[in-house]
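Quick notes on the structure that follows.
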Amino acid sequence: DAGITQSPRHKVTETGTPVTLRCHQTENHRYMYWYRQDPGHGLRLIHYSYGVKDTDKGEVSDGYSVSRSKTEDFLLTLESATSSQTSVYFCATERKGGGSYNEQFFGPGTRLTVL
Amino acid sequence: GNSVTQMEGPVTLSEEAFLTINCTYTATGYPSLFWYVQYPGEGLQLLLKATKADDKGSNKGFEATYRKETTSFHLEKGSVQVSDSAVYFCALDTSGGSNYKLTFGKGTLLTVNP
Numbered sequence: 023d024a025g026i027t028q029s030p031r032h033k034v035t036e037t038g039t040p041v042t043l044r045c046h047q048t049e050n051h052r053y054m055y056w057y058r059q060d061p062g063h064g065l066r067l068i069h070y071s072y073g074v075k076d077t078d079k080g081e082v083s084d085g086y087s088v089s090r091s092k093t094e095d096f097l098l099t100l101e102s103a104t105s106s107q108t109s110v111y112f113c114a115t116e117r118k119g120g121g122s123y124n125e126q127f128f129g130p131g132t133r134l135t136v137l
Numbered sequence: 050g051n052s053v054t055q056m057e058g059p060v061t062l063s064e065e066a067f068l069t070i071n072c073t074y075t076a077t078g079y080p081s082l083f084w085y086v087q088y089p090g091e092g093l094q095l096l097l098k099a100t101k102a103d104d105k106g107s108n109k110g111f112e113a114t115y116r117k118e119t120t121s122f123h124l125e126k127g128s129v130q131v132s133d134s135a136v137y138f139c140a141l142d143t144s145g146g147s148n149y150k151l152t153f154g155k156g157t158l159l160t161v162n163p
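Residue numbers (this note's numbering), protein chains in the order written: chain A, 23 to 137; chain B, 50 to 163.
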């Protein structure tokens, strides 16, 4: 298993407060991703990173920002949390290798509730 | 755009029953196809993959064949066990260049009863 940890694992916060979720990996994988999982929607990509300080938006990036100052850490920030951001958040990493196939490895998830 | 459609759940089966979870896709180019599994309380993990047409991915008794002509990648298992209870996600990767992104289906919850 890729060594991926997420913190916190559970968080309850109030509308309007800033929240930062952390993803830490020990595999030296270049690519890192943040997804959210919601019933009826599967997993949707929020942001991803293809290297230190290199990030890009996914399909549901509004209201979220990310930062990657070190290979091993990828932070997801909700600048002002809203109830629609109540979700389970998953971090994933991917080793960029040769060929057309790259497996993504997922962390255990963070359950965020915005009241 | 790219999309994945998989059968709505939940699916409930008895132990040793045959399982099929349908997955079809829309994509440009030649995607790689995946099935990921999520056990209760955990993150997703790769179950099997196929990278070109007619490839068959297999793992833990599960199989799926990449059918380009029908744009499908159905998941099958001949005899399910209680421990197979999980959410199953079909996904495709149409990445090119330096961007690697997966598009997931909505997931199918499988419950296997003893």
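Using N, Cα and C, we set each Cβ at its ideal position, and we do this for glycine too.
So for D104 of chain B, helix, strand or coil by DSSP?
coil
Quick one: does Y70 of chain A have its CB under 8 Å from some CB of chain B?
yes
Cutoff 6 Å; reference F83 of chain B; Cβ partners in own chain excluding five residues on either side:
K98 and A140
Could you check whether F138 of chain B and Q87 of chain B sit closer than 8 Å to each other, using their CB atoms as the reference points?
yes
Run through DSSP, which three-state label would G146 of chain B get?
Reliability fails at G146 of chain B, whose pLDDT of 48 lies under 50, so the model's placement of it is uncertain and the value that follows must be treated cautiously. If DSSP states are grouped into helix, strand and coil, G146 of chain B belongs with coil.
Going along the chain, which unbroken runs of the beta strand (DSSP E) with 3 or more residues stay wholly within the stretch 96–133 of chain A?
109–116 and 126–128
So with CB distances below 9 Å, who are the chain B contacts of E49 of chain A?
What E49 of chain A touches in chain B: nothing, since even the nearest Cβ is about 14 Å away.
Taking only beta-carbon atoms, is E112 of chain B less than 8 Å away from chain D?
Of the protein chains in the structure, A and B, none is chain D.
Close Cβ partners of P163 of chain B (< 7 Å) along its chain, the five nearest in sequence each way excluded
E64 and V131
Verify whether the separation of the beta carbon atoms of V138 of chain A and T135 of chain A is less than 8 Å.
Here chain A has residues from 23 to 137 only, and residue 138 of chain A is not among them.
To the nearest angstrom, report how far apart T113 of chain A and S128 of chain B are at their CA atoms.
It should be noted that the sequence gives Cys, not Thr, for residue 113 of chain A. Going from the Cα of C113 of chain A to the Cα of S128 of chain B covers about 32 Å.
Quick one, are the C-beta atoms of R133 of chain A and H32 of chain A less than 8 Å apart?
yes
Helix, strand or coil at S132 of chain B according to DSSP, with G and I counted as helix
helix
Anyone know if the C-beta pair for Y57 of chain A and L65 of chain A falls short of 8 Å?
yes
Quick one: which chain B residues come within Cβ less than 7 Å of H32 of chain A?
The premise fails here: H32 of chain A is roughly 12 Å from chain B at the closest Cβ pair, so nothing lies under 7 Å.
Run through chain A and tell me which residues come within less than 7 Å of G156 of chain B, C-beta to C-beta.
G64
Between the C-alpha atoms of G38 of chain A and L124 of chain B, what's the straight-line distance to the nearest angstrom?
43 Å
With a Cβ-Cβ cutoff of 8 Å, do R44 of chain A and D95 of chain A count as a contact?
yes
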